[in-house]
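Numbering (this note's numbering), first residue to last: 4 to 329.
Note that CB positions come from ideal geometry on N, CA and C, so glycine has one too.
Here's the structure we're looking at; comments come further down.
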Ligand SMILES: NC(=O)c1ccc[n+]([C@@H]2O[C@H](COP(=O)([O-])OP(=O)(O)OC[C@H]3O[C@@H](n4cnc5c(N)ncnc54)[C@H](O)[C@@H]3O)[C@@H](O)[C@H]2O)c1
């Protein structure tokens, strides 16, 4: 049985990857400092609480377990915060990743799967976004991920490291059967924010900008179910195991939904009315971000998202939001 190290496996997406991998017969070892994640989200037997800045912890993990692939989910993820405190982002997203990669090189671990983001593209020059789209991040969060992608290009040439950088669009939803889901300590994502207005945790939802060049004037994003993302990660392990190449792959559904459409879908799923307040545009929000469908992800990862209807994705998020276990 192969051992996979899941760094950041107590967080939202990492915890779903762990469940998927365990079900597929992999042995998961989670390393997480619990700065943002939750111990209860870790649904495997091997958990190490530690920080990837700590080389002793990394050496301990690599020497205790024969790791075949590292999945690296850990990062700070709040775009707005990255603008006011870029140091925090470059330290935890770039410097910490360098520390992790150095420990991998020292311990001769070759396969790496990296959580990148569509934020590396900045303002789209054309849509949908394919892998060839120019990269010009417009905030420190996106820049930190772009820098790691560049570091990976160099490391793969010099140190024989193989990697897949997966550029997610907007992760959404929760596991339909295992009790894990999205619970960021500071939530900035639209679907949980809308649902929190319905549980009474928030007063209303602000729509930032209603005058964009989109069909209803509000921003359009590509929402991909977290279980579909998890499946793509498993397939990325197999892709790395099968060859000697490295890859950068966009991961979205190819379908965009506007803020107003998401709110309407939340109302339909819950049967409740969402309190909405219109607000001015936020700096740095592109009008639309939508991935190509059927591109590299389909060809290389056999990517075939199961959650196509946004209402199904929202239904899983709503189940979780009402019955959260952490
Ligand atoms: N959520 C999205 O929509 C989205 C979209 C694109 C990319 N991503 C990327 O996916 C990854 C996972 O996102 P998420 O939403 O699951 O975030 P999350 O905050 O829920 O999970 C990150 C986990 O990493 C841990 N962590 C942070 N710094 C650490 C460190 N130095 N050492 C050890 N553990 C550390 C946290 O405690 C947390 O459990 C991130 O890299 C993020 O940039 C997320």
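DSSP state of residue i, grouped into three classes?
{"i": "residue 228", "result": "strand"}
{"i": "residue 327", "result": "coil"}
{"i": "residue 31", "result": "strand"}
{"i": "residue 91", "result": "helix"}
{"i": "residue 191", "result": "coil"}
{"i": "residue 202", "result": "helix"}
{"i": "residue 258", "result": "coil"}
{"i": "residue 66", "result": "helix"}
{"i": "residue 183", "result": "coil"}
{"i": "residue 178", "result": "coil"}
{"i": "residue 294", "result": "strand"}
{"i": "residue 41", "result": "coil"}
{"i": "residue 144", "result": "helix"}
{"i": "residue 313", "result": "helix"}
Take residue i as the anchor and find which of the options has the nearest alpha-carbon.
{"i": "residue 324", "options": "214, 200, 241", "result": "200"}
{"i": "residue 291", "options": "261, 281, 306", "result": "261"}
{"i": "residue 114", "options": "190, 278, 299, 250", "result": "250"}
{"i": "residue 116", "options": "150, 286, 8, 329", "result": "8"}
{"i": "residue 22", "options": "184, 252, 55, 277", "result": "184"}
{"i": "residue 3", "options": "182, 57, 148, 235", "result": "Given that the chain is displayed from residue 4 to residue 329, the structure contains no residue 3 and the question cannot be resolved."}
{"i": "residue 287", "options": "266, 25, 144, 65", "result": "144"}
{"i": "residue 303", "options": "245, 30, 148, 110", "result": "245"}
{"i": "residue 296", "options": "131, 94, 178, 52", "result": "131"}
Could you tell me whether the Cβ atoms of residue i and residue j are closer together than 9 angstroms?
{"i": "residue 107", "j": "residue 164", "result": "yes"}
{"i": "residue 212", "j": "residue 320", "result": "no"}
{"i": "residue 167", "j": "residue 243", "result": "yes"}
{"i": "residue 122", "j": "residue 140", "result": "yes"}
{"i": "residue 125", "j": "residue 289", "result": "yes"}
{"i": "residue 19", "j": "residue 232", "result": "yes"}
{"i": "residue 252", "j": "residue 170", "result": "yes"}
{"i": "residue 16", "j": "residue 239", "result": "no"}
{"i": "residue 56", "j": "residue 25", "result": "no"}
How about residue i: is its Cβ closer than 8 angstroms to a heavy atom in ligand 2?
{"i": "residue 121", "result": "No copy of ligand 2 appears in this structure; the ligands present are ligand 1."}
Starting from residue i, follow its DSSP beta bridges and name the residues at the other end.
{"i": "residue 74", "result": "9, 116"}
{"i": "residue 280", "result": "209"}
{"i": "residue 166", "result": "115"}
{"i": "residue 98", "result": "BP columns for residue 98 are empty, so no partner."}
{"i": "residue 50", "result": "33"}
{"i": "residue 223", "result": "261, 291"}
Using a C-beta cutoff of 9 angstroms, does residue i count as contacting chain C?
{"i": "residue 129", "result": "Note that chain C does not occur in the displayed structure, where there is just one protein chain."}
Tell me, please, whether the region 222-235 touches the region 252-260 by the rule of three or more beta-carbon pairs shorter than 8 angstroms.
-> yes
Given 8 angstroms, three or more beta-carbon pairs between the region 43-56 and the region 78-89 = no
Touching or not, the region 71-81 and the region 117-131, by the rule of three or more beta carbon pairs under 8 angstroms?
-> yes
So does the region 261-271 actually touch the region 215-222, counting three or more Cβ pairs closer than 8 angstroms?
-> yes
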